[in-house]
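In order, the protein sequences belong to chains A and B. Counting in our numbering, the first sequence runs from 14 upward without gaps. Counting in our numbering, the second sequence runs from 10 upward without gaps. Below is one structure, written out as structure tokens, with a few remarks after it.
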Amino acid sequence: MRKLTDTFVLRGRAWVFGDQLDADWQICSLETMAQLKSPGGGFLTGKLGKVCLENVDPEFSRCVQPGDFIVAGENMGYSASCLDCEMEDPHAMGAASLAIKEAGVGAVLCESSNANFMMTSLNLGLPVVECRGLRDKVHQGDHLQVNLAAGTIVNLTTGDEMRFPLYPESLLERIAVGGLYPHLKHKVANEMSGEEQ
Amino acid sequence: MGQTITEKILSRAAGRPVSPGEYIEVSSRVPITMGRFTGDRTSPMMKELGVDKLFDPNLIHFVDGHIGTSPSHNAGEARSRTREFGKRMGIPLENIFELGRAGIEHVVSGDNAWALPGEIFMCAHNNGHTTTSGALGAFAFPLTFGSNNYLITGKTWVRVPDSVKIVVNGKLPKGVVGRDVVEYALGQIGPIASAGKVIEWVGPAIDDMSIDSRFTLCCNALFFGAWTAIINPDQKCIEYVKSRNPNPFEPLYSDPDASYAHVFEIDVSNLVPQIVPPPERYHVHPVTQHEGKPINRGFAGSCANGRMEDMRMVAQVLKGRKIHPEVVFNITPGTDRILKQCVQEGLMEIFLEAEAIVPVPSCSMCAGLTTPLGAGDVCVATGTCNYRGRMGSRDAEIYLANAATVAASCVEGKIADPRKYL
């Protein structure tokens, strides 16, 4: 079995974007979501990775490798629409976070993030790391190593090292099992088996 | 070192002093609101998890108001499923705010003062305007993807946010209201400085401001990139809450030596009505810069500006006048309670005599759910958003402004400075 700490060391290439990559149009547009759903398209889960960031970099979803990082500037995940959701699918609230996760991105690294985007991403098991000064030290294509448990980002291409505030253990546990709901599922299952004994 | 109102509310919820950056687990004793569709997402999730109970059915309030009577989104089936879900979960019937006793969720929440001062107030979905209730001195935010988890466990984690203080000095001139203050501030500050933080509105102009205008300030927090917004509860706020919610509460206030990530000061003494042209949400101009631009649609309503203050401003402009023959003017009161008050105060007669239309309380035209815009339409609206396609066609233009500007523009058939009508 993999050790829990291994889960928290992520390696991949950097995909660098600017400030305010928004959840309404750039990461996964409401229009694209509508197109994917109609007619009779069913749930969006499983379809969003292919359209992730298509309005900013049409090649992104094709070229991104599993575990790569999005490196963004200020206010990552800004939303001015209040409608970033899928009506029926219980797993698809926060389509922007889901699109990034489904594209295979290992973590989002940014200068600052939108609170709802950050919470939704972490609840989906997609780490969002805020790290001041990050953009000056990371360039497109750099190889990075992110240690979530230690709070460090190492730019393997340049040797630069950066630190970020640690997540609490409870959040790391959730990230390790794939998010809030897989974690809750374990908890409910454990409680039920506890009751039976 | 003192604490901000936000840090105090979260400290009380956590049962220990907390500081920005800390992750804590919290719950709330005040109602949690759900929209009509939330149950649709919750039921399958509960089935998947093998749970059959909500944490506390008595705290769950369904508000069926976002789409109103609009024939969309499989509304009929969703209403039935909501009823069925409520019954199965043991949600009291009086907690189901169905059409006729509802309206826009965030305005209904404010009407009923569900968010008590000093408490955490949450909605079980992802609507960014839940922050509206911050005007009552509560820490208000949407649970987004964590909604179902909260509905089942009654707990959520939050990261204690930094606060940004916006000090509003001066006295608001006639015809300039909360909507102009929030847009002006957004234009000045932009959407980056407040990212992930809570905006705390303070200052003499906020003290003078009506509760309705304060709701408008807090409603628009998301456009600053902020998580939410909050206002320290003064006597006006306390009286407002007491007149609408009989439950006891203990308000909290920021300490004078509390620490802020940023402090911005603006003076509104010479502020003119503001306007937000399409399509950027945070590029804001004085209305005078766009005067004369022909328009053919108007909308007064939404969680930002569907309250009595807005309805009265519209009526003040429309009284004894007809709207321009090329204009369709949609006036949608935010809640049934506000609609009734419009009738009682004689505003409805003014609206109808002016030849405006009045759909039932809901998000209405703000989300293109009534009188959607067609290609080439130009609309002046008190709605929340001006991105392309928000109110209908992608090839329509949306200018956002206060209610009086919208009414004056509808009378003239072009963007107009409302101050000469007030």
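Each residue gets a CB set at the ideal place from its N, CA and C atoms; glycine is no exception.
Beta-carbon separation (whole angstroms), residue i vs residue j, contact threshold 8 Å
| i | j | result |
| --- | --- | --- |
| B/G343 | B/I113 | 5 Å |
| B/V211 | B/V176 | 6 Å |
| A/G138 | A/G192 | 3 Å |
| B/K206 | B/W236 | 6 Å |
| B/F273 | B/I198 | 6 Å |
| B/R290 | A/A93 | 5 Å |
| B/N254 | B/A122 | 4 Å |
| A/P140 | A/I83 | In fact, because the Cβ distance is near 11 Å, the residues do not count as touching under 8 Å. |
| B/V389 | B/S418 | 4 Å |
Collapsed DSSP secondary structure at residue i in the structure displayed
| i | result |
| --- | --- |
| A/I166 | strand |
| B/Y430 | helix |
| B/G355 | coil |
| B/G109 | coil |
| B/A22 | helix |
| A/K50 | helix |
| A/Q39 | coil |
| A/E67 | coil |
| A/G62 | helix |
| B/C132 | strand |
| A/R26 | strand |
| B/I332 | coil |
| A/L34 | coil |
| B/C312 | helix |
| B/Q298 | helix |
| B/H70 | strand |
| B/E57 | helix |
| B/I247 | helix |
| B/T237 | strand |
| B/T51 | helix |
| B/T42 | strand |
| A/L197 | helix |
| B/F224 | helix |
| A/A112 | helix |
| B/Q283 | strand |
| B/A149 | strand |
C-beta neighbour in chain A for residue i, strict 8 Å
| i | result |
| --- | --- |
| B/Y159 | no |
| B/T153 | yes |
| B/G392 | no |
| B/V60 | yes |
| B/A204 | yes |
| B/L231 | yes |
| B/R97 | no |
| B/S142 | no |
| B/W236 | yes |
| B/N135 | yes |
| B/Y193 | no |
| B/R290 | yes |
| B/I14 | no |
| B/P101 | no |
| B/W442 | It is not possible to answer for residue 442 of chain B, since the shown part of chain B is limited to 10 through 431. |
Start and end residues, beta strand (DSSP E) containing residue i
| i | result |
| --- | --- |
| B/T165 | 165–168 |
| B/G307 | 306–309 |
| A/H156 | 156–160 |
| A/R176 | 174–176 |
Residue-level contact to chain B via CB, residue i, 8 Å cutoff
| i | result |
| --- | --- |
| A/P195 | no |
| A/I33 | Contrary to the premise, residue 33 of chain A reads as Gln rather than Ile in this sequence. Cβ-Cβ to chain B under 8 Å: yes for A/Q33. |
| A/N68 | no |
| A/G191 | no |
| A/D97 | Reliability of the predicted coordinates at A/D97 is poor, the pLDDT of 48 falling under 50, and no value is obtained from them. |
| A/S183 | yes |
| A/E115 | no |
| A/L122 | no |
| A/N127 | yes |
Run of the alpha helix (DSSP H) containing residue i, from where it starts to where it stops
| i | result |
| --- | --- |
| B/T162 | 156–162 |
| B/G343 | Run containing B/G343: none; DSSP gives neither H nor E here. |
| A/M89 | Per DSSP, A/M89 belongs to no alpha helix (DSSP H) and is neither H nor E. |
| A/A93 | Note, A/A93: premise wrong, no alpha helix (DSSP H); not H, not E. |
| B/E421 | 412–421 |
| A/R75 | 73–76 |
| B/R97 | 84–98 |
| A/T133 | 128–136 |
| B/S172 | Not the alpha helix (DSSP H): B/S172 falls in the beta strand (DSSP E), residues 172–178. |
| B/Q325 | 317–327 |
Min CB distance residue i to chain E below 8 Å
| i | result |
| --- | --- |
| A/P178 | No chain E appears in this structure, whose protein chains are A and B. |
Taking only runs of the beta strand (DSSP E) that begin and end inside the region 192–220 of chain B, which ones reach a length of at least 3 residues, in chain order?
Listed in chain order, they are 207–211.
With a floor of 4 residues, list each alpha helix (DSSP H) that falls wholly inside the region 253–278 of chain B, ordered by position along the chain.
Counting whole runs of 4 or more residues, the region 253–278 of chain B contains no alpha helix (DSSP H) stretch at all.
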